[in-house]
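Notes follow the structure.
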Amino acid sequence: MRQIIGWPSGLRAATVAAFILAFGAGFAHAQAALPKKSPSLAPYAPRENLVLYVEFDGLEAHQEAWKASAFSKLLNETAFGSLAEDIARQALGQMLAATPDLAGRPTADELISGSKFLARNGFAFGVFGVPPEPPSLVIVFRNAATPEGRKALSFLKSLLASPADGVKTEIRGKRRISTRLDRSWWEEGSDLVLTPPPREGLDRVLAILDGDTPNALNHPILADLANVRNGFTPVLRGFVDFSQLPPMPAEAVKLGLEGLKRLDLRWGFQDDAMVTSLRAIAPAPREGLLAMIDGPTFSATTLPPVPAGVKGFTLMSFDLASMYGKAKALMAEVNPDAAGGLEQIEQGVLANLGLRIREDVLAHIGPKMSFSMKAAGAVPLGFGVTMAIPEATLAIQSDDPTAFGKALDAVMGVLIPLMEKERQRPGAQIPTIIKLSDGSGYEMTLPPQIAQGPLALLKPVVKVGKGLIAVSSTGAAADIALGLGTGKTQAWTPPADFSAMIKRLPTKMVYLGVYDPRDTIPQLVAGLPTIVPMIENGVNSSRPPGAVPKFTMKIDPAKVPPAADLARLMGPGSTSAVVTDDGLEILSRDTFPTIGSPVTAGSAIALLLPAVQAAREAARRAQCVNNLKQIGLAQHNFHDANNHFAADIRDADGKPLLSWRVAILPYLEQQDLYNEFHLDERWDSPHNKALIERMPTMYSCPSGKRGVPGNTFYRGPTGEGTMFDAPDGVGMAGVTDGTSNTIFVAEFKEPTVWTQPDNLPLDEKPADLAARLVSDHPGGYNALFVDGSVRFLKLTLDPTLLKALFTRAGGEVVNIP
């Protein structure tokens, strides 16, 4: 099929990609704008010979539907909109800086401003013409000729006109048209119109606007696409009409592609979700490649088997034997040589395995099948963090599992000896396949060189059960899938919060992907301050030495919304493929935009998330260590000035008033806060109590989930022989057990107000003391030692040893593992 659109040469690929990013950010804050609903831009395109047309109404034209959507609320009711805009601005700046021929043209801020304007107001473009004449193109930016539009789209001037090209002005009626070699543009009322070559395109558009040629306002296809169906309000509409193109070549006709009449696209809102519909109009009866879409279907009430407990899945229904037969017949028609090669393969399989590919294998697979993933075992990633290993399972219907099992035995009977022979080669890394002892299938063991880390938990299997075949990464997952055929495994049923999505599913589906972003996307967004530096380092480390500009991306933590704020506005998404007498429709429904298959996107994020969480926890734990080191340094500086470490601030009678944490404030660069305390009053006096909420950040562990503002888990013990047993403070000479063997401060289970003199008594059993030490870091807690070092102590540390570490002069012999 020949090219039908030729963009102006100045619009390089980088600009297009940058504009797409900016347009995405432009959806944020897109409510405020024009007072009236804008009319259609179809009058700029012809009714006849219209090959392609796309129109985006703009969100201003559908404010109610837009505001009701979950994505609008994500952008405008949380910090996510500001974050997305900031990321888009930086990404655009990087792309523009890396493209020398765009220097001095649009800036990132200009593209952001323009994308917001277009998101509110909309645009359209159409391709038209009578073959074999070259096609014409018209692009319209709604309201771009208003003062607001000229300012927001100011970058278009540099894209449309270059001083070196020479721009001419001509008057056509009341219109003042600017023209250069490869484009013409003018203001039509409040709109900006652009027509690239050929020159005839300008004349055709002007004839349409002057009423000499009928426009597309009442085009039957556009009228159909604009209809609101089942609550689906289309905001973007488009189509490609293949009947307006030259006849297809003979090869395409043989493939049956002449049955494809049109492609339709719609995007808009339904309930709180965004919906995308891509429809291929190919009326039945279909032939050739198009006939492949015909086959058994399913609905929401007849879903293929899926085990309960999965977060996302992909369902399919394919008659593989029928598809194989159609493909073989089509091959014989289009490429007889290839068909002869396939026939030889079939004869070889029959001679060596005794199997007919279609009758003995494919006929017993399907039509319904499901692919799902869920967390299995876990492997340690360090820092006390583990990573869940996903179990992937393909469950396939079978009308005759026994026959399929025999075919599987025949294949393995040939494959296993071949692999065993190959394994004898020096250095060969060949998996081992064995037949399961119960005869239900086969298990693969990866070679030791490959089965490292997460892969060590995987033992792929294929098993045959009652009415089902399971291919899985582990035997346990395969057994769960096979249990669907015997009733031993509970099948997936839609949770209550899936009901709205399930209710909107079409009938006659051949494909359905379901995913729930609430457990992945919010956490991924919340992890951007950790993820982006990792990406930045990876990109820059792979660049040639001295390469400029370097990739940089800064994430402002203040703009990162809490995961809970995003999750509460999200819901499950789906992508379905529907076959009807009219053709095939791909229908996606999401509360958050996804790329590709929902289950693929969700699975990819789910695989990435544990590593992200591990990196985030490592960063939080490192910050916690730094907090304690700052506290230790402050205590040592206090000691240098006073010949003893800081203790609680007391009154004349020795009664504690304020914590030692207040006493070291001047040594934490918090002198101004220290000066505000009334040191002769209790921590909870009216004056001092008002200062609790101003707790310095170094007293708060970044991993802390249990605390409230003003509370700290960094506490020291009291009692005989501890670092806080002397009212006037302990001196260095009193630490006879050694500063590297004595705990100063640690993370305790019970929080306390940071200004309160409330350390923990040590006069308790070692096991009781150990139970009081815990943190939000997996596996243990950080402890500051008197020498200023910070060590991570495991929860499994011997309680007797732990108690010995808290004494400064006990004379115990300690050996910290």
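Start counting the sequence shown at 358; every next residue gets the next number (this note's numbering).
Every residue, glycine too, gets a C-beta built ideally from N, C-alpha and C.
- Could you check if P565 is buried or exposed, using at least 16 other CB atoms within 10 Å of its CB as the buried criterion? Going by the sequence as given, residue 565 is Ile instead of Pro. Under this definition I565 is a buried residue.
- Query: Which residues share a DSSP beta bridge with I638?
  - Reply: R619 and G940
- Beta-carbon proximity check, F626 vs V663, cutoff 9 Å: The answer is no: Cβ separation not under 9 Å.
- Counterpart residues of Y1138 in DSSP-defined beta bridges: L1150
- 4 or more residues per run - each alpha helix (DSSP H) lying fully within the region 486-529: 504-509 and 512-517
- Task: With DSSP as the reference, label R532 as helix, strand or coil.
- Result: Strand at R532.
- Task: Can you tell me the Cβ-Cβ gap for Y872 and G930, rounded? I've got them flagged as a contact below 8 Å.
- Result: 6 Å
- Out of L672, A720, Q847 and L398, which has the shortest C-alpha to C-alpha gap to M680? It is A720 whose Cα lies nearest to the Cα of M680.
- Rank P1053, G824 and Q987 by C-alpha distance to the C-alpha of L1141 and give the top, closest one. Q987
- Simplified DSSP state of L869, which is helix, strand or coil: If DSSP states are grouped into helix, strand and coil, L869 belongs with the strands.
- Message: If I measure Cβ to Cβ from Y1138 and keep anything under 7 Å in the same chain, skipping five residues before and after, which residues do I get?
- Response: A1103, E1104, L1130, V1131, S1132 and L1150
- Query: Going by Cα to Cα distance, which pick from V1143, E608 and L1154 is closest to T1093?
  - Reply: V1143
- What residues in its chain sit with their C-beta under 6 Å from that of N994, if we drop five residues either side in the sequence? Y1024
- Could you tell me which of K860, R529, E700 and I1021 sits nearest to Q992, measuring between CA atoms? I1021
- From R925, H996 and D569, residue whose alpha carbon lies closest to that of A402: When each option's Cα is compared against that of A402, the closest is D569.
- Task: Identify whether V771 lies in helix, strand or coil by the three-state DSSP scheme.
- Result: Shown here, V771 sits in a helix according to DSSP, grouped into three states.
- Task: Go ahead and label S656 buried or exposed: buried means 16 or more other beta carbons lie within 10 angstroms of its beta carbon, across all protein chains shown.
- Result: exposed
- Query: Where DSSP assigns a beta bridge to M730, which residues make up the other side?
  - Reply: A749
- Expressed to the nearest angstrom, what Euclidean distance is found between the alpha-carbon atoms of T932 and P491? 37 Å
- Compare the C-beta of L612 against all C-beta atoms of chain B and say whether one is closer than 9 Å. In summary, chain B is missing from the structure at hand, where a single protein chain is found.
- Query: Grouping DSSP H, G and I as helix and E and B as strand, with all else coil, what is A370?
  - Reply: Below a pLDDT of 50, predicted positions are generally treated as unreliable, and A370, at 35, falls in that range; no measurement from the model is reported.
- Query: How long is the line joining the alpha carbons of G928 and L862, rounded to whole angstroms?
  - Reply: Put simply, the backbone Cα of G928 is about 15 Å away from that of L862.
- Query: For the 8 Å Cβ check, are there 3 or more pairs between the region 835-851 and the region 907-927?
  - Reply: no
- Buried versus exposed, by CB contacts within 10 Å (16 or more), L1159: Looking at its Cβ environment, which holds 16 or more other Cβ atoms inside 10 Å, L1159 is buried.
- With which residues is Q754 paired in a DSSP beta bridge? L825
- Query: What's the gap between the Cα of A934 and the Cα of A834?
  - Reply: CA-CA distance, A934 to A834, rounds to 27 Å.
- Message: Suppose contacts are defined by Cβ-Cβ distances below 9 Å. Is T750 in contact with V828 by that definition?
- Response: Judged by beta-carbon spacing, V828 lies within the 9 Å limit of T750, meaning their Cβ atoms are closer than that value.
- Message: Using a Cβ-Cβ cutoff of less than 8 Å, which residues in the same chain neighbour L612 once the five nearest sequence positions on both sides are dropped?
- Response: G645, L646, L687 and V691
- Message: Assuming L869 and L614 are in contact, meaning their beta carbons sit under 8 Å apart, how far apart are those beta carbons, in whole angstroms?
- Response: The Cβ separation is near 26 Å, so there is no contact.
- Does the region 780-788 come close enough to the region 798-806 to have 3 or more Cβ pairs within less than 8 Å? Here the region 780-788 makes contact with the region 798-806; the two share three or more CB pairs at distances below 8 Å.
- According to the neighbour-count rule (16 or more other Cβ atoms, all chains shown, within 10 Å of its Cβ), is E442 buried or exposed? buried
- Task: Check whether the Cβ atoms of W1017 and P874 sit closer than 9 Å, and answer yes or no.
- Result: Not in contact: W1017 and P874 (Cβ atoms no closer than 9 Å).
- Query: Among all the DSSP beta bridges, which residues are the ones paired with P591?
  - Reply: The partner list for P591 (beta bridge, DSSP) reads G625.
- Message: Under DSSP, the alpha helix (DSSP H) around G471 begins and ends at which residues?
- Response: It spans A465 to N478 - the alpha helix (DSSP H) in which G471 sits, taken as one unbroken run.
- Message: Taking a contact to mean a Cβ-Cβ separation below 9 Å, would you say D628 touches A425 in this structure?
- Response: yes
- Item | Inter-residue spacing [alpha-carbon to alpha-carbon] between R780 and P774 | 10 Å
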